[in-house]
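Participant: Okay, so the sequence shown: first residue is 1 according to UniProt numbering, each after it adds one.
Below you will find the structure I want to go over with you.
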Amino acid sequence: MSTEEFRNEQQFITGLYARLDDLRDQAERAVRSALAEPGSGLQARLERDVLVAEQSGLLSALNSGENGLCFGRLEFSDGRDHHIGRIGIRQDDPDRTPLVLDWRAEVARPFYLATGHTPMGLRRRRHITTRGREVTALHDEILDLTDTERTGHEGADADAVLLAALDAARTGRMHDIVQTIQAEQDRIIRSPHAGVLVVEGGPGTGKTAVALHRAAYLLYAYRELLAKRGVLIVGPNPAFLGYIGEVLPALGETGVLLATVGELFPGVHATRADRPGAAAVKGRAAMADVLARVVGDRQALPENVPAGSGEDSSVVPEPALEIDHDDYGTLLLDRTMAHEARDRARATGLPHNLARPYFAFRVIDALTEQLADRLGADPYGGPNLLGPDDIAQLGKEIATSAEVHAAIDTLWPPLTPEQLVTDFLADPTYLDAADAELIRRPATETGWTAADIPLLDEAAELLGEDDSARRAAEERERLERIAYAQGVLDLSQGSESYEFEDAENEYLAAHDIIDAERMAERHEEADHRSAAERAAADRTWAFGHVIVDEAQELSAMAWRLLMRRCPTRSMTLVGDPAQTGDEAGCGSWKRILAPYVGNRWELVRLGVNYRTPAEIMDVASAVLRARHPGFEPPRSVRSTGVRPWSRATDDLPAALAEAVRTGTPQEGRLAVIAPRPLHEALTAALPGVRAGAEPDLTHAVVLLDPRQAKGLEFDTVLVVEPADIAPSDLYVALTRATQSLGVLHTGPLPEELGEALVSR
């Protein structure tokens, strides 16, 4: 082994970090200097805020490179030599010579794709392992077999670096895989931006890591486009988002919005759980039609009949609303008038709240005509005695009548999504009795479930938001700014000196180069929030790209919400239909996508299991094969030689406490995965462990239900009472371990498990 190679790489790494420190100091000084400058006027504050935002973003990216800044080196047959790292860093020279290349750069691809059969111009590929700023290991792969030069760091096992990463202890947080991206993963990560890409793979195939690295790659390759529109990553639950939350910042990308479906309606956060079966009903595609009919019902017609029916009692008057006007007595808004007004409003095709003014205008016109006929009628049968100006005045008085507007509100009320969905859940119209009972919720009960969020979003689409008052106020403010600016320019022009009248002494003043409108625009307050921050607050935001993890779990209504968030249909969907556990989940990719893109989507499959040892995968596969004999799991690349075990017990808490005591790894993490109803009893056996919606995954021991475990991984897993877990959820629970798996039970095991596990 060559100590010179070690010394050379250490020298390079030391210099690289010195350059990183220098760049970081420059960014910090720039931020401090800008913040220390108070500035005078809006323009100065704008320039300061822009500088602070730019330098803060740069500082964040530089800080992300602290760990594992450089992890590889490419030596080409033509003499080129490049180091590869998490972020790109250049030297401080006139040519801005690269010190280390960003892993996403095209020239870095051979690091992931080159083989002895297809070397892609490489003679040698080096993996550099570091701890902090110290080089701890080198691993060289010779790709040009005609090259006889050796470094002493060549390894017989080309997968040594990968296997070392897979065997490393878990920390409760996902780490990036930039050093160990495999060829099949790289092709997916760098797939073009346009269209819908579906990435399917079983447990441990790296679907989530591929999706996150794809987000980082797209933000690098399509920076100009995606920096403006942003990227949305949707995960199955808060625990999962906490688990993956550090991956993209470690790759220098912070402008990404991570959310669950329950967080995608601004101002609302889903905190309560649905009753069994309720989410499936709420998630059906038919709920869109149901809500549309509910909105239509709120566009009502008069149903009451006035008390008096006239001298001819055989004539039944038309249903009408009686409107008591202070000056003109009773006005009648009858069914015919309301029906015509409703038809006109609906004909606009606008959402409910935006069509409401059209309804109101027609009602006001009809009531004005009614009143004009009454007041201006010629007793001798001649033409109406009121002139156009008189009728216009009557119209103004009708339009400003509180009683008239109360009647309009009765027939076509302004509605909010929250109000509409609350009323609907209290009285689930258009559903059969069984489904209605499943989702019925008294209006007095507060809080929303994750399955309510797509209903709120659908209601918002149907209702629309009448922002005319806000836009009118903004326009008034804009005109006031322009008027103020014009006053400033007038003062500037009025104070000109005409002492010099010859052409040579002419000079330009402010009013010569800018008008009032442009001057006012320069003093508008700018929005310096990131695209992710602005998107989180705007329900109508259109993302540049959307990534959905565990995509098979989402309901049809949730997909309607997500498709509205991405009208370009630039999406990456990641999942495994075999792991569908949510009762509202669509499962089938065709069923999910056909309504939106037909057959215009691409499916790629990941077939290698990097996480789960073969011994554990054999046990998990038995669960699905019992119901789907043709099921083929992904191929595991690792084998630990340790078979999963089971233990029957009469005292579950005591048996769990003993298993946790003896099974918790010294450095890694242990997960107890049990049905939710058992959590309260089991926490007594797990001191310091808290269960809940957002468990601390960095704790040495964590208690989860099977749904919370989706997408997570632990060194050791203990599955409790598997007979009480649905097969698809049990398959998930059994495939979370990277090293060892145990099962505790009080009753009989499912037959397929009993045959696959070693009894203890």
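Positions of the beta carbon are idealized from the N, C-alpha and C atoms, including for glycine.
Alpha helix (DSSP H) containing Ile616: first to last residue?
Facilitator: The residue given as residue 616 occupies position 616 in the sequence shown. Its alpha helix (DSSP H) spans residues 614 to 625.
Participant: If you follow the beta strand (DSSP E) that Arg600 is part of, which residue opens it and which one closes it?
Facilitator: As a first step, residue 600 is located in the sequence shown; it is residue number 600 there, counting from the start. Run containing Arg600: none; DSSP gives neither H nor E here.
Participant: Please classify Tyr295 as buried or exposed, where buried requires at least 16 other C-beta atoms within 10 Å of its C-beta.
Facilitator: Walking along the sequence shown from the start, residue 295 turns up at place 295. Correcting the residue identity first, residue 295 is Val in this sequence and not Tyr. Buried, since its Cβ has 16 or more Cβ neighbours within 10 Å.
Participant: What does DSSP give as the partner residue(s) for Val701 in the beta ladder?
Facilitator: Residue mapping note: residue 701 aligns to position 701 of the sequence shown, counting from 1. In DSSP, Val701 forms a bridge with Leu670.
Participant: With a threshold of 7 Å on Cβ separation, who are the neighbours of Glu9 within its own chain once the five nearest residues in sequence on each side are excluded?
Facilitator: Residue 9 sits at position 9 when you count from the first residue of the sequence shown. Excluding sequence neighbours, Glu9 sits near Ile128, Val135, Leu138.
Participant: Just to confirm, is the Cβ distance from Leu697 to Gly262 under 8 Å?
Facilitator: Sequence index remark: in the sequence shown, residue 697 carries index 697 (1-based). Sequence index remark: in the sequence shown, residue 262 carries index 262 (1-based). Not in contact: Leu697 and Gly262 (Cβ atoms no closer than 8 Å).
Participant: Give the single residue among Ala292, Ile616, Arg374, Pro722 whose Cα lies nearest to the Cα of Asp457.
Facilitator: Locating residue 457 in the sequence shown gives position 457, counting from the first residue. The candidate whose alpha carbon is nearest that of Asp457 is Ala292.
Participant: Once DSSP output is grouped into helix, strand and coil, what is the label at residue 776?
Facilitator: This structure does not reach residue 776, given that the chain is present from 1 up to 760, and the question cannot be answered.
Participant: Assign Ser313 to one of two classes, buried (16 or more other C-beta atoms within 10 Å of its C-beta) or exposed (fewer than that).
Facilitator: Along the sequence shown, read from residue 1 onward, the residue named residue 313 stands at position 313. Any reading at Ser313 must be qualified, since the residue scores a pLDDT of 48, below 50, and its modelled position is unreliable; the value itself is stated next. By the neighbour-count rule (16 or more Cβ atoms within 10 Å), Ser313 is not buried but exposed.
Participant: Quick one: using the 10 Å Cβ neighbour count with 16 as the cut-off for buried, is Asp102 buried or exposed?
Facilitator: By one-based count along the sequence shown, residue 102 stands at place 102. Answer is buried; the Cβ neighbour count reaches 16.
Participant: Nearest to Val178 by alpha carbon, out of Ile453, Gly172, Arg190?
Facilitator: Taking the sequence shown and counting its residues from 1, one reaches residue 178 at position 178. The shortest Cα separation from Val178 among Ile453, Gly172, Arg190 belongs to Arg190.
Participant: Can you give me the C-alpha to C-alpha distance between Leu226 and Gly575, rounded to a whole angstrom?
Facilitator: To locate residue 226, count along the sequence shown from 1; it is residue 226. To locate residue 575, count along the sequence shown from 1; it is residue 575. Each residue's CA atom was taken as its position, placing Leu226 and Gly575 some 24 Å apart.
Participant: Check Ser646 in the structure and name its three-state DSSP category.
Facilitator: In the sequence shown, the residue the question calls residue 646 occupies position 646. Ser646 falls in the strand class under three-state DSSP.
Participant: Does the distance from the CB of Asp186 to the CB of Arg109 come in under 8 Å?
Facilitator: Numbered from its first residue, the sequence shown carries residue 186 at position 186. Numbered from its first residue, the sequence shown carries residue 109 at position 109. In contact: Asp186 and Arg109 (Cβ atoms closer than 8 Å).
Participant: Taking Ala270 as the reference, give the member of Gly630, Leu248, Gly277, Asn237 with the closest Cα.
Facilitator: What you label residue 270 is simply residue 270 of the sequence shown in a count that begins at 1. Ranking Gly630, Leu248, Gly277, Asn237 by Cα distance to Ala270 puts Asn237 first.
Participant: Should Thr449 and Asp289 be called a contact, given that it needs their Cβ atoms to be closer than 8 Å?
Facilitator: What you label residue 449 is simply residue 449 of the sequence shown in a count that begins at 1. What you label residue 289 is simply residue 289 of the sequence shown in a count that begins at 1. No, the Cβ-Cβ distance between Thr449 and Asp289 is not below 8 Å.
Participant: Is the region 748 to 759 in contact with the region 693 to 707, if contact means three or more CB pairs nearer than 8 Å?
Facilitator: By the C-beta criterion, the region 748 to 759 is judged not to be in contact with the region 693 to 707, since fewer than 3 inter-stretch pairs fall below 8 Å.
Participant: To the nearest angstrom, how far is it from the Cα of Arg736 to the Cα of Pro687?
Facilitator: As a first step, residue 736 must be located in the sequence shown, where it is residue number 736. As a first step, residue 687 must be located in the sequence shown, where it is residue number 687. If you take the alpha carbons of Arg736 and Pro687, they lie about 22 Å apart.
Participant: Do you know how far the Cα of Val719 is from the Cα of Leu744?
Facilitator: Position 744 of the sequence shown, counted from the first residue, corresponds to residue 744. Position 719 of the sequence shown, counted from the first residue, corresponds to residue 719. Roughly 6 Å separates the two Cα atoms.
Participant: What does DSSP give as the partner residues of Val256 in its beta bridges?
Facilitator: Looking up residue 256 in the sequence shown gives position 256. According to DSSP, Val256 bridges with Val231.
Participant: Can you grab the Cα-Cα spacing for the pair Thr321 / Ser401, in whole Å?
Facilitator: As a working note, residue 321 is residue 321 in the sequence shown. As a working note, residue 401 is residue 401 in the sequence shown. Reading off the sequence, residue 321 comes out as Leu, not Thr. Approximately 15 Å, taken between the alpha carbons.
Participant: Taking its Cβ as the centre, do 16 or more other Cβ atoms sit within 10 Å of Pro428, making it buried, or is it exposed?
Facilitator: Residue 428 sits at position 428 when you count from the first residue of the sequence shown. Answer is buried; the Cβ neighbour count reaches 16.
Participant: Around the C-beta of Glu632, are 16 or more other C-beta atoms found within 10 angstroms, so that it is buried, or is it exposed?
Facilitator: By 1-based counting over the sequence shown, the position of residue 632 is 632. Classification for Glu632: exposed.
Participant: Do Met563 and Met287 count as a contact pair if the criterion is CB distance below 8 Å?
Facilitator: Position 287 of the sequence shown holds residue 287. Position 563 of the sequence shown holds residue 563. No, the Cβ-Cβ distance between Met287 and Met563 is not below 8 Å.
Participant: Applying the criterion that 16 or more other CB atoms from any shown protein chain within 10 Å of the CB defines a buried residue, is Arg126 buried or exposed?
Facilitator: Counting from 1 along the sequence shown, the entry for residue 126 is found at position 126. Arg126 is buried by the Cβ-count criterion.
Participant: Indicate whether the contact test is met: 3 or more Cβ pairs, each with one atom in the region 705 to 722 and one in the region 660 to 669, closer than 8 Å.
Facilitator: yes
Participant: Expressed to the nearest angstrom, what Euclidean distance is found between the alpha-carbon atoms of His339 and Leu248?
Facilitator: Taking the sequence shown and counting its residues from 1, one reaches residue 339 at position 339. Taking the sequence shown and counting its residues from 1, one reaches residue 248 at position 248. Taking C-alpha positions only, His339 is separated from Leu248 by approximately 56 Å.
Participant: Which ranges does the beta strand (DSSP E) cover as unbroken runs of at least 3 residues, wholly within the region 370 to 458, from first to last along the chain?
Facilitator: none
Participant: What does Ser759 pair with, by DSSP beta-bridge criteria?
Facilitator: Residue mapping note: residue 759 aligns to position 759 of the sequence shown, counting from 1. DSSP lists Ser646 as partners of Ser759.
Participant: Quick check on Val689: does DSSP put it in helix, strand or coil?
Facilitator: Here residue 689 refers to the residue found at position 689 when the sequence shown is read from its first residue. Coil.
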